[in-house]
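Visitor:
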Amino acid sequence: MYYALNQGDPVALNGWAIPAATDIAFALGVISLLGRRVPISLRVFLMALAIFDDLGAIVIIAIFYTADLSVTSLVIALVAIAVLIGLNLFRVSRVSAYVVVGVILWIAVLKSGVHATLAGVILGLMIPLKDANNSQRSPLKEVEHGLHQWVALLIVPIFAFANAGVSLSGLTFESLLEPIPLGIAAGLFLGKQIGIMLFCGVAIMLGFAKLPSGASWSGFYATTILCGIGFTMSLFIASLAFEQGGISNIIMGDRLGILLGSALSAVVGFLILKMLNPAIAEGGSRSD
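Our numbering applies: residue 776 is where the sequence shown begins, and numbers increase by one.
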């Protein structure tokens, strides 16, 4: 949808990936407002889809939003990855070992020209879930719990505060209909739900997947709408697409589109789920 609305503008096409990501924290926050009236299976589906959605967005960043590559730094990064794999294979459970190699990996990836977010994904995949010598201990969960408060209460709010500022002075209805904000909003609010419903619907009809347990088709559809909440991840991709490329005259447009598309997805998805709550809570696996 973004491409269709901006295909005549090669500069605007830099932002084609902005609607691709899902903000896990905001999406889960919205669905959690409905409490136990929403089946757990729908929450698990939303979380799983958002995780893979964001992993896909990180791959897009690594491939399409990189500077000139440094072969030396890439070699160092590959060596660091090999060391991390070795630590994992030999069941090393000391988190500090992974952190030291992870810092080296992050610096190497940063200097290589590939976006440094990829280093965090690789490091997270390499830290073992369980301690080989203590089944009650999970090194990965320890890292996750240790970082959670810092990320949720400090890093994400600072990022959102620094990147989401939109001046409302001079804002008109026509400005929301410009190709860039309209393309981003349409991609988040319409493109996401259409794509997910088509893909999942075909998979379910062909027997490759099943509707989440206890969920109706209407409840499933409402959950796909929440996947259009892009916010922080979309802002991040927008900064790579426009701000870091020296394109400052369209920054406000991309932010407007992200906020509009994310807000529509959050409000509409929440309202539909709220209206369906009695049916979802009592209707079991009913398909309507």
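Note that the Cβ used here is the ideal one computed from N, Cα and C, for glycine as well. All of these numbers come straight from a predicted model, not from anything done at the bench.
Counting beta carbon pairs with one atom in the segment 859-867 and one in the segment 823-830, are three or more of them shorter than 8 angstroms?
Guide: No: the two stretches stay apart, fewer than three of their Cβ pairs being nearer than 8 angstroms.
Visitor: Express the C-alpha separation of Ser950 and Met901 in angstroms, rounding to a whole number.
Guide: Met901 and Ser950: Cα-Cα distance of roughly 46 angstroms.
Visitor: Is there contact between the segment 883-890 and the segment 841-853, where contact requires at least three CB pairs shorter than 8 angstroms?
Guide: Taking 8 angstroms as the limit for Cβ pairs, the verdict is that the segment 841-853 does touch the segment 883-890.
Visitor: With DSSP as the reference, please indicate the residues paired to Asn908 in a beta bridge.
Guide: Per DSSP, none; premise fails for Asn908.
Visitor: On a Cα-Cα basis, can you pick out the residue from Gly877, Leu859, Ile930, Phe1017 that is closest to Ala800?
Guide: When only C-alpha atoms are compared, the closest one is Ile930.
Visitor: Report the three-state DSSP secondary structure of Gly888 (helix, strand or coil).
Guide: Coil.
Visitor: Taking only the alpha-carbon atoms, compute the straight-line gap between Val834 and Ala891 and give it to the nearest angstrom.
Guide: One C-alpha to the other measures close to 11 angstroms.
Visitor: Across the segment 912-930 and the segment 991-1006, are there enough close Cβ pairs to call them in contact, namely three or more that are closer than 8 angstroms?
Guide: No: the two stretches stay apart, fewer than three of their Cβ pairs being nearer than 8 angstroms.
Visitor: Taking just the CA atoms, how far does Leu898 sit from Ile1012?
Guide: The alpha-carbon atoms of Ile1012 and Leu898 are separated by roughly 21 angstroms.
Visitor: Report yes if the C-beta distance between Gly1003 and Phe964 is below 8 angstroms; otherwise report no.
Guide: Against a cut-off of 8 angstroms, the Cβ pair of Phe964 and Gly1003 comes out as a contact.
Visitor: Apart from the five residues just before and just after Ser1009, which ones in its own chain have a Cβ nearer than 6 angstroms to its Cβ?
Guide: If we look at Ser1009 and ignore the five residues flanking it on each side, its Cβ neighbours are Ile793, Ala796, Ile1033.
Visitor: Can you give the beta carbon distance from Val805 to Phe974, rounded, assuming they're within the 8 angstroms contact cut?
Guide: Rounded, the Cβ-Cβ distance is 22 angstroms, inconsistent with contact.
Visitor: What are the start and end residues of each continuous alpha helix (DSSP H) run of 4 or more residues lying completely inside the segment 846-884, in chain order?
Guide: Within the segment 846-884, the complete alpha helix (DSSP H) runs of at least 4 residues are 846-864.
Visitor: Run through DSSP, which three-state label would Pro785 get?
Guide: Residue state, collapsed to three classes: coil.
Visitor: Output needed for Ala1041: all residues of its chain with C-beta closer than 6 angstroms, excluding positions within five of it in sequence on either side, in chain order.
Guide: The answer, listed in chain order, is Val805, Ile1004.
Visitor: Report buried or exposed for Gln782, applying the criterion of at least 16 other Cβ atoms within 10 angstroms of its Cβ.
Guide: Exposed, by the Cβ-count rule.
Visitor: Please determine, among Pro914, Ala802, Ala852, the residue with the shortest C-alpha to C-alpha distance to Val870.
Guide: Answer by Cα proximity: Pro914.
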